[in-house]
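Numbered as in full-length UniProt numbering, the sequence shown ends at 123 without a single skipped number.
Each residue gets a CB set at the ideal place from its N, CA and C atoms; glycine is no exception.
A quick note: this is a predicted structure, and the numbers were derived from the prediction, not measured.
The block underneath contains the structure these notes are about, expressed in structure tokens.
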Amino acid sequence: MKKRQQQQTRKKKKKIVASCRKAFSDGTTLSAEFRKKQLRQLHELVSKHEKELVKAVQDHMNRPYYEVSNTEISHVLSEIAHLHNNVDKYMQPKKVASSLVFLTDHGEVSFKNITLLTFLYIT
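Right, here's the structure in full:
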């Protein structure tokens with residue numbers, strides 16, 4: 001019975017991974033609005049499950065509740081909010097200096113094909 005559940009879980013995870021890969025290759029993840037939506041959902045998820053996350057850190061590191069909440073969780077939420085507020089800025093191409101050898105050329109770093117966050121665990 002347990003082996004069958006594990007197989008079903010693996011199949012579900014493979015479907016999820018295939019769906020994520022398809023979305024990435026189709027360009028779904030390229031828009032700033034998509035990324036902002038993902039960050040909003042991540043913020044909601046962390047906020048909603050803050051107690052469980054704090055308990056997991058407490059159990060693992062034996063630290064007081066308020067210390068974990070005020071340092072770990074609030075820091076993560078702050079970083080997510082910062083990313084959300086600056087997605088457009090981070091997605092803008094950046095000009096880079098060229099050397100004397102390539103004086104007539106110009107360089108640019110573009111972040112179009114990079115996703116901000118990916119959390120996958122596959123067994």
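Residues near residue i by beta carbon distance below 8 Å, same chain, minus five either side
i, result
"K36", "H84, V87"
"R40", "H84"
"H43", "L77, I80, A81, H84"
Sequence-distant residues of its chain with Cβ nearer than 7 Å to residue i (five each side left out)
i, result
"E72", "V57"
"T28", "F34"
"V76", "V46"
C-alpha distance - residue i paired with residue j, whole-angstrom precision
i, j, result
"Q8", "C20", "19 Å"
"I80", "E33", "15 Å"
"E50", "D59", "14 Å"
"P64", "V46", "19 Å"
"V68", "L30", "34 Å"
"D11", "N70", "According to the sequence displayed, residue 11 carries Lys and not Asp. Going from the Cα of K11 to the Cα of N70 covers about 38 Å."
"A97", "V17", "38 Å"
"N62", "K2", "32 Å"
"Y90", "K15", "31 Å"
"Q5", "K95", "51 Å"
"L120", "E52", "Confidence at L120 is low in this model, with a pLDDT of 43, below 50, so its placement is unreliable and the value that follows should be read with caution. When rounded, the distance between both Cα atoms is 19 Å."
"K22", "Q38", "17 Å"
Residues that residue i bridges to, as DSSP identifies them
i, result
"K89", "Note: K89 sits in no beta bridge, so no partner."
(request) Please list the segments of the alpha helix (DSSP H) lying wholly inside the segment 15-58, counting only runs of 4 or more residues, in order along the chain. (result) 32-48
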